[in-house]
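Sequential numbering from 1 applies to the sequence shown in full-length UniProt numbering.
Below is one structure; the comments refer to it alone.
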Amino acid sequence: MDTTTIAEVTGNIATIGYGLAAIGPGIGIGIVAGKTVEGMARQPEMAGRLQTTMFLGIAFTEVLAFIGIATPFIFG
């Protein structure tokens, strides 16, 4: 009987998982930065507070990327 292999995946599947896990924080940071710039354009006097809030939002969003890095080590 002749069997044909259509596709073969070699290596650690966690690499692909981290690649997918990095997409969410990337999109989130883009949205946070874009909305902050929009807010600064609408009310320039609030730029300092908006920038502080933006950095907090980016930090919380980056935690998702760090969880994506750590997950393969925890469960693998």
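Even for Gly, the Cβ is constructed at its ideal location relative to N, Cα and C.
Original post:
Around the Cβ of T36, are there at least 16 other Cβ atoms within 10 angstroms (buried) or fewer (exposed)?
Top reply: Along the sequence shown, read from residue 1 onward, the residue named residue 36 stands at position 36. With 16 or more Cβ atoms within 10 Å of its Cβ, T36 is classed as buried.
Original post:
Taking all protein chains shown into account, do 16 or more other C-beta atoms lie within 10 angstroms of the C-beta of P44, making it buried, or fewer, making it exposed?
Top reply: Counted from its first residue, the sequence shown places residue 44 at position 44. With fewer than 16 other Cβ atoms within 10 Å, it is exposed.
**OP:** Pull up the distance between the alpha-carbon of residue 77 and that of F60, whole angstroms please.
**Re:** This structure does not reach residue 77, given that the chain is present from 1 up to 76, and the question cannot be answered.
Original post:
Near I58, what residues of its chain come up, given a Cβ to Cβ distance below 8 Å and the 5 sequence neighbours on each side ignored?
Top reply: Position 58 of the sequence shown, counted from the start, is the residue given in the question as residue 58. Correct list, in chain order: I29, V32, A33.
Subject >> Backbone CA spacing between T52 and E62 [nearest angstrom] >> reply: One-based indexing of the sequence shown puts residue 52 at position 52. One-based indexing of the sequence shown puts residue 62 at position 62. Taking the straight line joining both Cα atoms gives about 15 Å.
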